[in-house]
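Asker: So the sequences go chain by chain: A and B.
Sequential numbering of the first sequence, starting at -3, is according to the numbering used here.
Sequential numbering of the second sequence, starting at -3, is according to the numbering used here.
Quick reminder that beta carbons are idealized off the backbone N, C-alpha and C, glycines included.
Sharing a structure, written as structure tokens. Questions coming.
There are 2 protein chains.
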Amino acid sequence: MARKRQIKLAAYLIGSGMHFTSWRHPQSNPVASIDVKALQKLAQIAEKGKFDLAFIADSLAINHESHPHILNRFDPVVLITALAAATEKIGLAATASTTYSEPYVLARQFASVDHISGGRAGWNVVTTADATGETALNFSREKHWEHDHRYERAEEFIDVVQGLWDSWEDDAFIYDKESGQFYHPEKVHELRYEGEYFQVKGPLNIARSRQGQPVIIQAGASVPGQRLAARTAEVVFTHWDDIEEAKQFYQKLKSQLKEFDREEDEFHILHGISPIVGETEEEAVRKYNELQQLVDPYESLRFVSGYMGNVDFSKYTLDTPARKVEFPKVNSIQSQFNEMKKIIDQENLKVGDLYTRFFGAAKRDGFIGTPVQVADEIEKWFTAKAADGFMIQFPLLPRDLDEFVTHVVPILQERGLFRLDYEGDTLREHLGLQVPENRFVSKEKQFSTF
Amino acid sequence: MARKRQIKLAAYLIGSGMHFTSWRHPQSNPVASIDVKALQKLAQIAEKGKFDLAFIADSLAINHESHPHILNRFDPVVLITALAAATEKIGLAATASTTYSEPYVLARQFASVDHISGGRAGWNVVTTADATGETALNFSREKHWEHDHRYERAEEFIDVVQGLWDSWEDDAFIYDKESGQFYHPEKVHELRYEGEYFQVKGPLNIARSRQGQPVIIQAGASVPGQRLAARTAEVVFTHWDDIEEAKQFYQKLKSQLKEFDREEDEFHILHGISPIVGETEEEAVRKYNELQQLVDPYESLRFVSGYMGNVDFSKYTLDTPARKVEFPKVNSIQSQFNEMKKIIDQENLKVGDLYTRFFGAAKRDGFIGTPVQVADEIEKWFTAKAADGFMIQFPLLPRDLDEFVTHVVPILQERGLFRLDYEGDTLREHLGLQVPENRFVSKEKQFSTF
Chain A
-3 MARKRQIKLA
7 AYLIGSGMHF
17 TSWRHPQSNP
27 VASIDVKALQ
37 KLAQIAEKGK
47 FDLAFIADSL
57 AINHESHPHI
67 LNRFDPVVLI
77 TALAAATEKI
87 GLAATASTTY
97 SEPYVLARQF
107 ASVDHISGGR
117 AGWNVVTTAD
127 ATGETALNFS
137 REKHWEHDHR
147 YERAEEFIDV
157 VQGLWDSWED
167 DAFIYDKESG
177 QFYHPEKVHE
187 LRYEGEYFQV
197 KGPLNIARSR
207 QGQPVIIQAG
217 ASVPGQRLAA
227 RTAEVVFTHW
237 DDIEEAKQFY
247 QKLKSQLKEF
257 DREEDEFHIL
267 HGISPIVGET
277 EEEAVRKYNE
287 LQQLVDPYES
297 LRFVSGYMGN
307 VDFSKYTLDT
317 PARKVEFPKV
327 NSIQSQFNEM
337 KKIIDQENLK
347 VGDLYTRFFG
357 AAKRDGFIGT
367 PVQVADEIEK
377 WFTAKAADGF
387 MIQFPLLPRD
397 LDEFVTHVVP
407 ILQERGLFRL
417 DYEGDTLREH
427 LGLQVPENRF
437 VSKEKQFSTF
Chain B
-3 MARKRQIKLA
7 AYLIGSGMHF
17 TSWRHPQSNP
27 VASIDVKALQ
37 KLAQIAEKGK
47 FDLAFIADSL
57 AINHESHPHI
67 LNRFDPVVLI
77 TALAAATEKI
87 GLAATASTTY
97 SEPYVLARQF
107 ASVDHISGGR
117 AGWNVVTTAD
127 ATGETALNFS
137 REKHWEHDHR
147 YERAEEFIDV
157 VQGLWDSWED
167 DAFIYDKESG
177 QFYHPEKVHE
187 LRYEGEYFQV
197 KGPLNIARSR
207 QGQPVIIQAG
217 ASVPGQRLAA
227 RTAEVVFTHW
237 DDIEEAKQFY
247 QKLKSQLKEF
257 DREEDEFHIL
267 HGISPIVGET
277 EEEAVRKYNE
287 LQQLVDPYES
297 LRFVSGYMGN
307 VDFSKYTLDT
317 PARKVEFPKV
327 NSIQSQFNEM
337 KKIIDQENLK
347 VGDLYTRFFG
357 AAKRDGFIGT
367 PVQVADEIEK
377 WFTAKAADGF
387 MIQFPLLPRD
397 LDEFVTHVVP
407 ILQERGLFRL
417 DYEGDTLREH
427 LGLQVPENRF
437 VSKEKQFSTF
């Protein structure tokens, strides 16, 4: 019997919140991005709310104009290991870059957290957005690689990592004290990967975990990004302002699964939202405005500049039509950048509108309202198949997470849209994903063993 | 007033123990190398014994002939993060390779654990010993780099990592909600490192921890290894069979500190020992023999082969004089390899003696006996300045750690040679090391700020 489709929820954990100036809010802990106890507390609240997973974003360089929380933060893999110690059920996803990592190290670190957490790890695969080129300069490279080059490398990188994760069959280790046999040599497999970017022999020096392999998460929405997701991702995180556009993207992305022999329910599309709830709609809007009023328009333009490739906004006033801005060609989040330029034209945006219109946790939309209104909006997007679930980028933490768990989750539960409790222990179980077969077991004849 | 010199103790934590066949012992947990609760328990016992630090070794490839515990183990950085969650005081040192890592990632991960543990992290710097060349093949390289090349790169690597660790002055972050100023821009510093191997701009996206920087640990005993240690290490882990040789090495290494303006008490030399205690000397020897009898002589030769560069021992009998063996030129732990060849000649060893004579936790020495005998031997080495402390590679875990903490530590404490309790909270405090000055603060004028 097929289970009823249920909403998947991910909590985006970032210091004092996703809103650019959340740290200035009277209720915020501005040190939260580097306070492991504060971050563990957030994961515990999300677990109390039965969230599928907690999600940790990343950057590999600082950007003076960006969200202050990216200046001083933990390495995501180290952080989710610390979160694992403070939680029992919730999935834990960390961002790591295929452009700036080694697959053997990455495979091993994620496998390690996956064991330590009892099968709760997820890897958010990124190729790194680096509009200003700062990341490359931290990695002894002259410049950030081009978009297509990054995606080609990412395709190989994921194949190597997943191949290494299958190095040991589940019953390889026997620990026979009497005979002295620690493992079955025929149940350990060399990958012998020979690609253009990587040549990796293996085996990895760690076994598979309870969930087989960490869950693969992605956010790329460009054409190569969609293809990579359709082939390898199990969760995709995306964002569209408009429900109709979201539905189209949802269908387009899910229709690409067939080519890779994959089923639609093995692939969850999460829509990014930034809900704020109030007892009345007016109270929610007041809370929204309270955060918005902390944003200095010139400070926010520096953020936009860093994100869009070092635009020199000093040449323009806040009233200048944004279509007149000379945006440099950026080697960054391509699909999103093109979408923004389209909207700038369509909506005739001014320079002073750019931050509010485009950047996280700053838009006034249907997810700001009473608990019932927010639940209605969530149900609407979910039922319309604009999303299988939501990546919730809470504007102010822990407040907005706490209030969402207390007031919105119970409504979704009453409506039968969200779990009352965890049914399993692993991230795959929460997401209704199968433990992947070990490629060396299922296609044994095709691979050499030793 | 100078504090009385005290013994430093490090607990080498490895699955069921350092002895090659410890996993076959009736009391062992053969799964321990991949059992986070078992490893956390070991760290807790070491902390009960007031050890300065727990130490995690590493390898980046499996070797079928080696210690079974290297087949299936955690990434060390991830592991010490999990150990931090289960302990409060003990230092936590993880091995990571300068040959197979990126300095920005490594700096960040160690800084992250250092914050999360409250200033208890140490980095055991290795250039990776890889006599069989398997590691290179896991990292898209054709072969393992030559010894001198590895050490040149290590010199630069450490400079980059330590430079990145100083990116933020301790009072850089002010979090002024009123003015909107998150940090002082003049208190964050770009490294702008331009070396032969690395070009790294910085700054790192994480601040310094309570202890300023993680502690640097090394084990290289070759000429370039000694030089690197004298310049950068704060703890050195070494091993000599003979107390006179150990004293000579101790003096030789410490005498190199002057060149780098360093003091002898900023630099601790730990001697590797594998103690087994019994109520009587006979009982200790019986426990030692019990482990030795589990070693199959041919199996142990495969271990020797893997360690010494794929020697084909099938051409020899156990009685063949070892000097007749054709050892290949190895690109591995060079100083140790040369020392072994010298001893093979001097002691006229046979092939069947090699494992027992050279490899960890298998030698019958003065550290096997009653608690008083073991404490006497420790005091002798310490007082003679053959060592400042000991890296204790317990043959069988948790048994030998537990017994050492219960029976030997109290004797050392009674003699005033070892702390009764932790005086501080950080690894630097345990080791009597100063918080390093931030290079950008102390020499402000010499560096550009932005």
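Are the CB atoms of Thr352 of chain A and Gln288 of chain A nearer to each other than 9 angstroms?
Answerer: Yes.
Asker: Closest to Ile3 of chain B by C-alpha separation, out of B:Asp398, B:Leu253, B:Ile388 and B:His111, would be which residue?
Answerer: Considering only alpha carbons, the answer is B:Ile388.
Asker: Helix, strand or coil: which one does DSSP assign to Val121 of chain A?
Answerer: Strand, per DSSP.
Asker: Taking CB distances under 9 angstroms as the criterion, tell me whether Pro199 of chain A reaches chain B.
Answerer: So, interface residue.
Asker: Against chain A, with Cβ distances strictly below 9 angstroms, would Ser301 of chain B count as a contact?
Answerer: Taking Cβ atoms only, chain A never reaches closer than 9 angstroms to Ser301 of chain B, which makes this a no.
Asker: Output needed in chain order: residues of the region 68 to 79 of chain A with a Cβ under 8 angstroms from some Cβ in chain B.
Answerer: For the region 68 to 79 of chain A, which is checked against every Cβ of chain B, the residues closer than 8 angstroms are Asn68, Arg69, Phe70, Asp71, Val73, Val74, Leu75, Thr77 and Ala78.
Asker: What do you get for Arg319 of chain B, buried or exposed, if any count of 16 or more other CB atoms within 10 angstroms of its CB means buried?
Answerer: It counts as exposed.
Asker: Any contact of the region 245 to 253 of chain B with the region 269 to 277 of chain B, i.e. 3+ C-beta pairs under 8 angstroms?
Answerer: Too few Cβ pairs lie closer than 8 angstroms, so no.
Asker: I need the DSSP call for Ile58 of chain A, collapsed to helix, strand or coil.
Answerer: In the structure shown, Ile58 of chain A sits in coil (DSSP, three-state: anything other than H, G, I, E or B).
Asker: Does any C-beta atom of chain B lie closer than 9 angstroms to the C-beta of Phe135 of chain A?
Answerer: Yes, Phe135 of chain A counts as interfacial toward chain B.
Asker: Whole angstroms are fine: how far does the CA of Ser331 of chain B sit from the CA of Asp341 of chain B?
Answerer: Cα to Cα, the separation comes out at about 16 angstroms.
Asker: Consider the Cβ of Phe21 of chain B: report whether some Cβ of chain A lies at a distance smaller than 9 angstroms.
Answerer: Checking the sequence shown, residue 21 of chain B turns out to be His, not Phe. Yes, its Cβ sits closer than 9 angstroms to a Cβ of chain A.
Asker: How about Leu38 of chain B and Phe386 of chain B: are their beta carbons less than 9 angstroms apart?
Answerer: No, the pair does not count as a contact, with Cβ atoms beyond the cut-off.
Asker: Enumerate in chain order the residues of its own chain whose CB-to-CB distance from Val122 of chain B is below 6 angstroms, with the five nearest sequence positions on each side excluded.
Answerer: Once the five neighbours on either side are set aside, the close Cβ partners of Val122 of chain B are Thr91 and Ser93.
Asker: Would you say Lys173 of chain B lies against chain A (beta-carbon separation less than 9 angstroms)?
Answerer: Chain A, which has a Cβ nearer than 9 angstroms to the Cβ of Lys173 of chain B, makes this yes.
Asker: Starting from Asp172 of chain B, trace the beta strand (DSSP E) in both directions and tell me its first and last residue.
Answerer: Phe169 to Asp172 is the span of the beta strand (DSSP E), which, as asked, contains Asp172 of chain B.
Asker: Are there 16 or more other CB atoms within 10 angstroms of the CB of Arg69 of chain B, so buried, or fewer, so exposed?
Answerer: Its Cβ being crowded by 16 or more others within 10 Å, Arg69 of chain B is buried.
Asker: Could you name the residues of chain B that Glu295 of chain A contacts, counting a contact when the two beta carbons are closer than 8 angstroms?
Answerer: Near Glu295 of chain A (Cβ distances below 8 angstroms), the residues of chain B are Gly176.
Asker: Can you tell me whether Ser310 of chain B is buried or exposed? The criterion is at least 16 other CB atoms within 10 Å of its CB, across all chains shown.
Answerer: Ser310 of chain B should be labelled exposed.
Asker: Mind pulling the chain B residues with CB within less than 8 angstroms of Gln105 of chain A?
Answerer: By Cβ distance, chain B contributes Asp71, Val73 and Val74.
Asker: Can you look up Gln222 of chain B in the DSSP assignment and give me helix, strand or coil?
Answerer: Gln222 of chain B: helix per DSSP, three-state reduction.
Asker: Alpha carbons only, please: which of A:Phe414, A:Phe436, A:Glu433 and A:Arg435 is nearest the one belonging to Leu427 of chain A?
Answerer: Selected option, being the one with the closest Cα: A:Phe414.
Asker: If you follow the alpha helix (DSSP H) that Val74 of chain A is part of, which residue opens it and which one closes it?
Answerer: Run containing Val74 of chain A: Pro72 to Ala82, per the alpha helix (DSSP H) assignment.
Asker: If we require 4 or more residues per run, which alpha helix (DSSP H) segments fall completely within the region 2 to 65 of chain A?
Answerer: Within the region 2 to 65 of chain A, the complete alpha helix (DSSP H) runs of at least 4 residues are 32 to 44.
Asker: Taking the alpha-carbon positions, what's the Asp31 of chain A to Ser18 of chain A distance?
Answerer: Using only the alpha carbons, I get a separation of about 16 angstroms.
Asker: Hey, Leu393 of chain B and Leu75 of chain B: beta-carbon distance below 9 angstroms or not?
Answerer: In this structure, Leu75 of chain B does not lie closer than 9 angstroms to Leu393 of chain B by Cβ.
Asker: If you follow the alpha helix (DSSP H) that His111 of chain A is part of, which residue opens it and which one closes it?
Answerer: It spans Pro99 to Ile112 - the alpha helix (DSSP H) in which His111 of chain A sits, taken as one unbroken run.
Asker: In terms of residue numbering, what span does the alpha helix (DSSP H) encompassing Leu290 of chain B cover?
Answerer: Where Leu290 of chain B is concerned, there is no enclosing alpha helix (DSSP H), given that its DSSP letter is neither H nor E.
Asker: Under a Cβ-count criterion, where at least 16 other Cβ atoms within 10 Å of its own Cβ denotes burial, should Lys46 of chain A be classed as buried or exposed?
Answerer: So Lys46 of chain A counts as buried.
Asker: Please determine, among A:Glu343, A:Pro317, A:Asn306 and A:Val347, the residue with the shortest C-alpha to C-alpha distance to Asp294 of chain A.
Answerer: At residue 294 of chain A the sequence reads Tyr, which differs from the Asp that was named. Among A:Glu343, A:Pro317, A:Asn306 and A:Val347, the Cα nearest to that of Tyr294 of chain A belongs to A:Val347.
Asker: Taking all protein chains shown into account, do 16 or more other C-beta atoms lie within 10 angstroms of the C-beta of Thr77 of chain B, making it buried, or fewer, making it exposed?
Answerer: Thr77 of chain B should be labelled buried.
Asker: So with Cβ pairs under 9 angstroms, would you call Ala82 of chain B a contact of chain A?
Answerer: Taking Cβ atoms only, chain A reaches closer than 9 angstroms to Ala82 of chain B, which makes this a yes.
Asker: Taking Leu88 of chain B as part of the beta strand (DSSP E), name the residues at either end of that continuous run.
Answerer: Start and end: Gly87 to Ser93.
Asker: At a Cβ threshold of 9 angstroms, is Ile154 of chain B touching chain A?
Answerer: By this cut-off, Ile154 of chain B is not an interface position.
Asker: Is Asp308 of chain A closer than 9 angstroms to Ser301 of chain A when the C-beta atoms are compared?
Answerer: Yes.
Asker: Of all the CB atoms in chain A, is at least one closer than 9 angstroms to the CB of Ser55 of chain B?
Answerer: It does; some Cβ of chain A falls within 9 angstroms.
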